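A.B. asks:
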């Protein structure tokens, strides 16, 4: 999981959810422009003819709405390529052209003749790399920002938080907005209603007597890269009846000093698994070398693995919340 750049600048723009082969009612489709609010700003979009999505979060939101056959392509970093094979949407990944295996670039988008790009702020769009909604707009290419990343965008604009939605609510808004943009409002409502029903079921469970403190370990040795309160894992942990060790970190994915982590005395460690570093190496480091090697979590071998596709904001977050709930139940919390 790439560390967000420290430089920010101007821009804008299971029951598992049905995967490949999802039937989308084409009678819903329309050529009329739709209006949606994205990062606090009203936008008008004509239905995209050659959309591109970057990274798992944006890609799987498109797939969840049965839009794979309408996509020009995806940009899937090599560091998370295994997600495509293990995903609920594996067939969709195989059916859509992969136009890039690194970071999102303006050259990729232009070369693919895309007319619309879906990515996050500092999670795809990057002024340092020369690709922003503003720069694409000058080329006649429209953009949509992932709502979860609006917090970073608002900070870049120093205008306060206009769309401070946390991860799950941001996903629901993205899915609803995408339904409007692509003329599949009924499918979007079906998907969102199903996810929210599962969320309510978890929220209706009796509270745990002592909510376990859960630390999310993505990577890093000098200081760990973890999930702040504005990430999907924060919501996943909360729904499972736990407390995110980094909940006080008002950020998305960011570093947290080991001393601060140790002070939280985590009961459970959640390890995010993806291709950048072998899972076995991460586990060996945590158990044998890290400042958490004598923690309650390690001593009791309470380490839960979370697939990258479930850790980033998207339709599989409820799968992750249900799995973590079951894990914490088995651990006696």
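Residue numbers (the UniProt record's numbering): 1 to 333.
Idealized CB from N, CA, C, for every residue including glycine.
These numbers come from a predicted model, not from an experiment.
Could you name the residues of the same chain whose beta carbon sits closer than 6 Å to that of residue 180, not counting the 5 residues immediately before and after it, in chain order?
C.D. replies: Here residue 180 corresponds to residue number 180 of the chain shown, with the count starting at 1. Only 34 and 36 meet the Cβ criterion.
A.B. asks: Whole angstroms is fine: what's the gap from residue 174's alpha carbon to residue 256's?
C.D. replies: The residue given as residue 174 occupies position 174 in the chain shown. The residue given as residue 256 occupies position 256 in the chain shown. Cα to Cα, residue 174 sits roughly 29 Å from residue 256.
A.B. asks: Under 8 Å, with one C-beta from each stretch per pair, do the stretch 55-71 and the stretch 39-46 reach the 3-pair mark?
C.D. replies: Output reads no: the stretch 39-46 does not touch the stretch 55-71.
A.B. asks: Indicate whether the contact test is met: 3 or more Cβ pairs, each with one atom in the stretch 279-288 and one in the stretch 246-263, closer than 8 Å.
C.D. replies: No: fewer than three Cβ pairs fall under 8 Å.
A.B. asks: Report the partner residues of residue 386 according to the DSSP bridge assignment.
C.D. replies: Any answer about residue 386 is impossible in this case: the structure gives the chain only from 1 up to 333.
A.B. asks: List the endpoints of the continuous beta strand (DSSP E) containing residue 139.
C.D. replies: The residue labelled residue 139 in the question sits at position 139 within the chain shown. No beta strand (DSSP E) holds residue 139; DSSP gives it neither H nor E.
A.B. asks: Using a Cβ-Cβ cutoff of less than 7 Å, which residues in the same chain neighbour residue 130 once the five nearest sequence positions on both sides are dropped?
C.D. replies: Taking the first residue of the chain shown as 1, we reach residue 130 at position 130. Around residue 130: 106.
A.B. asks: Straight-line CA distance for residue 253 to residue 310?
C.D. replies: Position 253 of the chain shown, counted from the first residue, corresponds to residue 253. Position 310 of the chain shown, counted from the first residue, corresponds to residue 310. Whole-angstrom Cα-Cα distance: 14 Å.
A.B. asks: Could you tell me the boundaries of the alpha helix (DSSP H) in which residue 274 lies?
C.D. replies: The count along the chain shown starts at 1 and reaches residue 274 at position 274. Per DSSP, residue 274 belongs to no alpha helix (DSSP H) and is neither H nor E.
A.B. asks: Can you name the start and end residues of the beta strand (DSSP E) that residue 226 belongs to?
C.D. replies: The residue labelled residue 226 in the question sits at position 226 within the chain shown. Segment 225-227, the beta strand (DSSP E) holding residue 226.
A.B. asks: Note down the Cα distance separating residue 333 from residue 292, rounded to an integer number of angstroms.
C.D. replies: In the chain shown, counting from the first residue as 1, residue 333 sits at position 333. In the chain shown, counting from the first residue as 1, residue 292 sits at position 292. Their Cα atoms are separated by approximately 20 Å.
A.B. asks: Have a look at the DSSP bridge pairing and note the partners of residue 43.
C.D. replies: Against the chain shown, residue 43 aligns to sequence position 43. Its beta-bridge partners are 36.
A.B. asks: What residues are listed by DSSP as bridge partners for residue 215?
C.D. replies: Against the chain shown, residue 215 aligns to sequence position 215. Answer is 269.
A.B. asks: Quickly, what does DSSP pair residue 144 with across the bridge? List them, please.
C.D. replies: Here residue 144 refers to the residue found at position 144 when the chain shown is read from its first residue. Note: residue 144 sits in a beta bridge opposite 118.
A.B. asks: Identify every run of the beta strand (DSSP E) within the stretch 269-316, keeping only runs that are complete inside it and at least 3 residues long; order them along the chain.
C.D. replies: Entirely contained in the stretch 269-316, the beta strand (DSSP E) runs reaching 3 residues are, in chain order, 303-307.
A.B. asks: Report yes if the C-beta distance between residue 268 and residue 302 is below 8 Å; otherwise report no.
C.D. replies: Counting from 1 along the chain shown, the entry for residue 268 is found at position 268. Counting from 1 along the chain shown, the entry for residue 302 is found at position 302. In this structure, residue 302 lies closer than 8 Å to residue 268 by Cβ.
A.B. asks: In terms of DSSP beta bridges, what is residue 100 paired with?
C.D. replies: In the chain shown, the residue the question calls residue 100 occupies position 100. Looking at the DSSP assignment, residue 100 forms a beta bridge with 75.
A.B. asks: Between residue 289 and residue 50, what straight-line distance do the alpha-carbon atoms span, to the nearest angstrom?
C.D. replies: Position 289 of the chain shown, counting from 1, holds the residue named residue 289. Position 50 of the chain shown, counting from 1, holds the residue named residue 50. One C-alpha to the other measures close to 48 Å.
A.B. asks: I'd like the list of long-range same chain contacts for residue 198, defined as Cβ closer than 6 Å, with 5 residues on each side in sequence excluded.
C.D. replies: Counted from its first residue, the chain shown places residue 198 at position 198. Closer than 6 Å at Cβ, skipping near neighbours: 318.
A.B. asks: On the criterion of 16 or more Cβ atoms from any shown chain inside 10 Å, does residue 128 qualify as buried, or is it exposed?
C.D. replies: As a first step, residue 128 must be located in the chain shown, where it is residue number 128. With fewer than 16 Cβ atoms within 10 Å of its Cβ, residue 128 is classed as exposed.
A.B. asks: To the nearest angstrom, how far is the alpha carbon of residue 135 from that of residue 245?
C.D. replies: As a working note, residue 135 is residue 135 in the chain shown. As a working note, residue 245 is residue 245 in the chain shown. Each residue's alpha carbon lies about 38 Å from the other.
A.B. asks: What is the rounded straight-line gap between the Cα of residue 320 and the Cα of residue 102?
C.D. replies: Locating residue 320 in the chain shown gives position 320, counting from the first residue. Locating residue 102 in the chain shown gives position 102, counting from the first residue. Cα-Cα distance, rounded: 26 Å.
A.B. asks: Using a 10 Å radius around the Cβ and a threshold of 16 neighbouring Cβ atoms, would you call residue 207 buried or exposed?
C.D. replies: The residue given as residue 207 occupies position 207 in the chain shown. Residue 207 should be labelled exposed.
A.B. asks: Within 10 Å of its beta-carbon, does residue 304 have 16 or more other beta-carbons around it, so buried, or fewer, so exposed?
C.D. replies: In the chain shown, the residue the question calls residue 304 occupies position 304. Result: buried.
A.B. asks: With respect to the alpha helix (DSSP H) encompassing residue 84, which residues constitute its N-terminal and C-terminal limits?
C.D. replies: Position 84 of the chain shown, counted from the start, is the residue given in the question as residue 84. Looking at the DSSP string, the run of the alpha helix (DSSP H) that includes residue 84 is 83-86.
A.B. asks: Sorted by chain position, which residues of the same chain lie with C-beta nearer than 7 Å to residue 231's C-beta, five sequence neighbours on each side aside?
C.D. replies: In the chain shown, residue 231 corresponds to position 231, counting from 1. For residue 231, where only same-chain residues beyond five positions count, the Cβ hits under 7 Å are 167, 252 and 253.
A.B. asks: At a cut of 8 Å, does the stretch 137-144 reach the stretch 107-127 through at least three beta carbon pairs?
C.D. replies: A contact exists between the stretch 137-144 and the stretch 107-127.
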